[in-house]
Amino acid sequence: MPTVEIATFNVNGIRARLPHLLQWLEREQPDIACLQELKAVSEGFPILDLRAAGYEAIWHGQRSWNGVAILVKSARGTPPAEARRALPGDPDDVHSRYIEAEVGELVVGCLYLPNGNPQPGPKFDYKLRWFERLIEHAATLRACGRPVVLAGDYNVVPTDFDIYNPRSWLKDALLQPESRECYRRLLAQGWTDALRTLYPEERIYTFWDYFRQGWQRNAGLRIDHLLLNAEAATRLHEGGVDRWVRDLEKPSDHAPTWITLDGGRAGRAATGAGS
DNA sequence: ATGACTTACAGGGTAAGA
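Quick note on my numbering: the first sequence kicks off at 112 and runs consecutively.
What follows is the structure, given as structure tokens:
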């Protein structure tokens, strides 16, 4: 398979952000894009606009909140084949926070982990329960024998190096030891945090608060992550954050975050950029 | 700071986000 670029972008309202989304797709041309916080019912998903922009998609909407989608560039000839539209483990959970697709030989999970504020409280409890379900499902995915990417808004700042200054966020659900421990346990299964692996000593942010002039001060957090199992990690080539999208007028509070995986066969070290 | 924004839903003021 050729080199593939995979991105994750919390759009914070797909209707409000559609012009930005189309502008970003046009300019960066990711092969696969995982979207979160559609904030729209499934019937409101702008599939015709996306097809016109050269993308096929699967999506799972919800009124007002949540909502996830996986886009695949039509020219690849491998439209996303839906594998599931919820995490297993709780049939009563009605939040649209997970969708999974097969894209050629790749498996792509797109997730929007609960925020969990205020904590302590029921929302934080829900966050941790959801995280446990993700950890359990991820164990199966990791060992499926195919390259897997778990991409999305994890709502976890993994370490104090992933935030401009933890001081004013110490009570926030994103920095709690329980949240970080779940993330650590997930990685410990054998997942590679792609951006941190590519840039072990650089400050990387993917979210800047609307409050307090977060963007203008570069007061950011790294909470959007792309996790790779071994079959995918061996192909990891490049990655980055499309900060220019955060600088547009009326932006999402997140910026698109992306990686590229070199071509080659699963389980083999990449030998080059391919064609 | 139960925030200093922003979105959805609605058609004003809540709920939610992180």
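We treat Cβ as the ideally placed atom computed from N, Cα and C, and that holds for glycine.
Computed from a predicted structure; not experimentally measured.
* Mapping DSSP to helix, strand and coil, what is T303? -> Here residue 303 is taken as the residue at index 192 of the first sequence, counted from 1. Strand at T303.
* Buried or exposed: where does C255 fall if 16 or more other Cβ atoms within 10 Å of its Cβ makes it buried? -> Reading the first sequence from its first residue, position 144 is the one you call residue 255. Its Cβ having fewer than 16 others within 10 Å, C255 is exposed.
* Asked: With DSSP run on the structure shown, which of helix, strand or coil describes V267?
  -> The residue given as residue 267 occupies position 156 in the first sequence. DSSP, reduced to helix, strand and coil, places V267 outside both helices and strands of the structure shown, so it counts as coil.
* Own chain partners of G383 with C-beta closer than 6 Å, once the 5 adjacent residues on each side are dropped -> Here residue 383 is taken as the residue at index 272 of the first sequence, counted from 1. Low confidence applies here, because G383 scores a pLDDT of 42, under 50, leaving its location unreliable and the question unanswered by this model.
* Neighbourhood of A366 by C-beta distance below 7 Å, restricted to the same chain and skipping five residues each side -> Taking the first residue of the first sequence as 1, we reach residue 366 at position 255. Excluding sequence neighbours, A366 sits near T317, V352, D353, R354, V356 and R357.
* Report the residue from E211, D264 and P130 whose alpha carbon sits nearest the alpha carbon of H336. => Counting from 1 along the first sequence, the entry for residue 336 is found at position 225. Of the listed residues, the one whose Cα sits closest to H336 is D264.
* To do: Return the residue from the list L198, P199 and W170 that minimises the CA-CA distance to P190.
  => Your numbering for residue 190 matches position 79 in the first sequence. Cα-wise, what sits closest to P190 is W170.
* Asked: From G325, R333, A186 and C293, pick the residue whose C-alpha is nearest to that of W241; which is it?
  -> Taking the first sequence and counting its residues from 1, one reaches residue 241 at position 130. Ranking the options by Cα distance to W241, first place goes to C293.
* Asked: G331 to A194, Cα distance in whole Å?
  -> As a first step, residue 331 must be located in the first sequence, where it is residue number 220. As a first step, residue 194 must be located in the first sequence, where it is residue number 83. If you take the alpha carbons of G331 and A194, they lie about 33 Å apart.
* Determine the contact status of A305 and G350, defining contact as a CB-CB distance below 7 Å. => Here the question's residue 305 lines up with position 194 in the first sequence. Here the question's residue 350 lines up with position 239 in the first sequence. Yes, Cβ-Cβ distance for A305 and G350 is below 7 Å.
* Asked: Smallest Cα separation from Y275: which of A262, E243, D320 and N340?
  -> Indexing the first sequence from 1 puts residue 275 at position 164. Residue D320 is the option with its Cα nearest to Y275.
* Asked: Hey, which unbroken runs of the beta strand (DSSP E) at 3 residues or more fall wholly within the region 341-375?
  -> 347-352 and 368-372
* Measure the Cβ-Cβ separation of L182 and R244 and say whether it is below 7 Å. => Position 71 of the first sequence, counted from the first residue, corresponds to residue 182. Position 133 of the first sequence, counted from the first residue, corresponds to residue 244. The answer is no: Cβ separation not under 7 Å.
* To do: Check whether the region 141-150 touches the region 122-129, taking contact to mean three or more Cβ pairs, one atom from each stretch, closer than 8 Å.
  => yes
* To do: Output the distance between the C-alpha atoms of F272 and A186, rounded to the nearest integer angstrom.
  => By 1-based counting over the first sequence, the position of residue 272 is 161. By 1-based counting over the first sequence, the position of residue 186 is 75. About 39 Å.
* In its own chain, which residues sit with a C-beta less than 6 Å from the C-beta of R196, not counting the 5 before and 5 after it? -> As a position in the first sequence, residue 196 is number 85, starting the count at 1. So the list reads H171 and I210, once near-sequence residues are dropped.
* To do: Report buried or exposed for S207, applying the criterion of at least 16 other Cβ atoms within 10 angstroms of its Cβ.
  => If you number the first sequence from 1, residue 207 lands on position 96. A residue is called buried once 16 or more other Cβ atoms fall within 10 Å of its Cβ, and S207 is buried on that count.
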